[in-house]
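When we follow UniProt numbering, the leftmost residue of the sequence shown carries the number 1, and every step to the right adds one. Backbone N, C-alpha and C fix where the C-beta goes; we use that ideal spot for every residue, glycine too. Keep in mind the model is a prediction, meaning the values are calculated, not measured.
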Amino acid sequence: MRRTANSEAHIIGRPSWSQTIAELFRVHLRFIGPGLVAAIAYCDPGNWATDLTAGSLYGYAHLFVILSASLMAIVLQVLAARLGYITGKDLAEHCRNKFYDRPRHKKLWRWGCLYPLYILCEGGIIFTDLAELLGSAMALHLLFPRMPLFVGVLLTSADVFLVLAFFNSYPSCSQKNRRSLHLFECCLAALVAIVLVCFVVLLSKVKPVWGNTFMGFLPSRSMIADGGLYVAVSLIGATVMPHSIFLGSKVAVFDRLGTSSQCREAFQADGPKTPDSLSSPLDLECSSSPDRTLAPRPPDILVSAPCSLHSLQHLRKHLAHAGFDIAVSLISLALPINAAILIVAAAIFHSDESRSSDQAADINTAYQLLSNRVAVAAAYIFAIALLLSGQAASITVTLAGQIVSEGFLEWRTNPVVRRLVTRLIGIVPCAIVAASAGLQGVDTLLVASQVALCLVLPFVLAPLIIFTSDPNVMSVTVICSQDYPLKQRNSGGNRFYAQDLMQPVKEKIIEDQRVSEVTAVHSFENSLLSKVVTWSIFVLCTVSNLYAIIQLAQSSA
């Protein structure tokens, strides 16, 4: 049976499944990066310490906790990305806007809320940086035993500073620096990929019991029995990192779908344009202004409903790709690496009958046992993975320190200078402890840094959830025609408001067609389900951290 010309044209005009998938993949390539940067934060040496402890004491039982913590991290990172892209500001900037210039009692709000919150966040950055520096220094000491620990601290910090000096504009990159942005993110992704490959090799050498491994991803009583609850809450507290929230909200500000630079400059200079102010049909697809005001993209008519719908689709498309990238990156990189650390520890420690059942493993003993029981090459692979993990995480921490100081204090100076100051703050105590206390002191300081992060985490999660649940913060203004389909106001869990729908703001004749303008506000605030989930995560993380701190204090006493 022959097909008619119309049917052939219809078939030719519709893209095939392969073309659709190829187009989606091509567009998504622009979004690969923020998720990888977020994944690095969840593979830092602090996570190594808790994963090694869990695997050596309880075998594979806490793999379910690692899986649950990774899912919670995905939710929080997606919230941070939504906040950054919808508002055009990172979390630190929102905190300053909220508390710095209040209508009444300005000094009270500043010194009672803003500056204490900044000190807590800056302290979290410093303690996180300590963990990364210590982990990298320990890795160098394991690879080169004759190298003093404090020398390793100085070398690792210098390496990170040199890398950041070449990318001094990240993460505040413009459209012109798009290639530099992607190159920097690809370099970080390469480091994490090498770490993952190292653990794949280690897993092939230690030969874990795979049946018990898969059962570990299911909840069981053994993960909370005999002190396992303390280890479980420590894993949750160590997985969700405060600095990754700030960094995730900042890297999301950049529009990766690529809008017109002419449009961007016009919006930033004069605000949103109306048909009267537009002399030519610019490609006004989306704005990067702080208010994220959307204007129509007019091929023929400057203001029309399909144009406004296209602008909303632009936002939704961006958020969908960004969320997918974060989820895939954490599931494919952070989760396997943390699970692999625990599996390796369970395979070589928990099954070792010569060791005491209540003797937890640390990084140094893990290296020694790998060298003695498996192979020297396996121990070197372990140390190399630790070094790369610490270096990659240290880069992200230094960037987060820059974001925190800029957002809270509006500290506008050369990025290299800011990163040098942040780096020096972490180097001094780290080098002193490494030179005076040795490996034992370094291990103690590593644990102390994780305890400090437990204290900071609630003060980062609460503002994130509050801002993303506020319709005044998470709303964008849209220009649409009077016949805009208002039935969408209750769809998708997002609220849609329209002002003066029965009385258009103005009417304009464009090419013999009458277009009525109205102003509408689309809210991307958290839905009721999202609020319940995120506040539940907040309560769980806070209670877990407090419990871990109390248990640690009791054991120390």
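Straight-line gap, residue i to residue j (C-alpha atoms, nearest Å)
| i | j | result |
| --- | --- | --- |
| A452 | W17 | 51 Å |
| K317 | G323 | 10 Å |
| T468 | V78 | 11 Å |
| A223 | A345 | The sequence as given places Met at residue 223; Ala does not occur at that position. If I take the Cα positions, the gap works out to 15 Å. |
| Q450 | K107 | 32 Å |
| G492 | L528 | Interpretation of G492 is limited by its pLDDT of 40, a score under 50 that renders its predicted location unreliable; no figure is taken from the coordinates. |
| P45 | R104 | 44 Å |
| S436 | F150 | 9 Å |
| Y85 | C186 | 21 Å |
| S475 | L83 | 10 Å |
| S405 | E122 | 8 Å |
| N526 | L319 | 13 Å |
| S544 | V200 | 31 Å |
| F408 | K98 | 10 Å |
| G441 | D90 | 36 Å |
| L130 | V532 | 34 Å |
| A366 | N338 | 15 Å |
| A392 | I384 | 12 Å |
| I550 | L155 | 36 Å |
| F64 | R221 | 11 Å |
| I74 | A361 | 28 Å |
Range of the contiguous alpha helix (DSSP H) that encloses residue i
| i | result |
| --- | --- |
| I403 | 376-409 |
| M138 | 115-143 |
| K250 | 242-251 |
| F214 | 210-215 |
| V473 | Taken as a continuous stretch (DSSP letters only), V473 belongs to no alpha helix (DSSP H), as it is neither H nor E. |
| L63 | 63-87 |
| N526 | Segment: none, N526 is in no alpha helix (DSSP H) and carries neither H nor E. |
| D51 | 45-58 |
| A232 | 228-239 |
| Y367 | 363-369 |
| L91 | 91-99 |
| W109 | 106-109 |
| P336 | 335-345 |
Residue i vs residue j beta-carbon contact at 7 Å
| i | j | result |
| --- | --- | --- |
| L457 | P208 | no |
| S56 | F349 | yes |
| L330 | A49 | no |
| G33 | V253 | no |
| I126 | I425 | yes |
| T398 | T422 | yes |
| M72 | I466 | no |
| D325 | F31 | yes |
| G135 | G390 | yes |
| L387 | A54 | no |
Residue burial classification, residue i (beta-carbon count within 10 angstroms, cutoff 16)
| i | result |
| --- | --- |
| Q313 | exposed |
| I119 | exposed |
| T20 | exposed |
| V412 | According to the sequence provided, residue 412 is Arg. The question's Val does not apply to it. So R412 counts as exposed. |
| G112 | exposed |
| L24 | exposed |
| G248 | buried |
| L218 | exposed |
| Q402 | buried |
Any C-beta of chain C under 7 Å from that of residue i
| i | result |
| --- | --- |
| Q313 | Considering every chain present, this structure includes no chain C. It has just one protein chain. |
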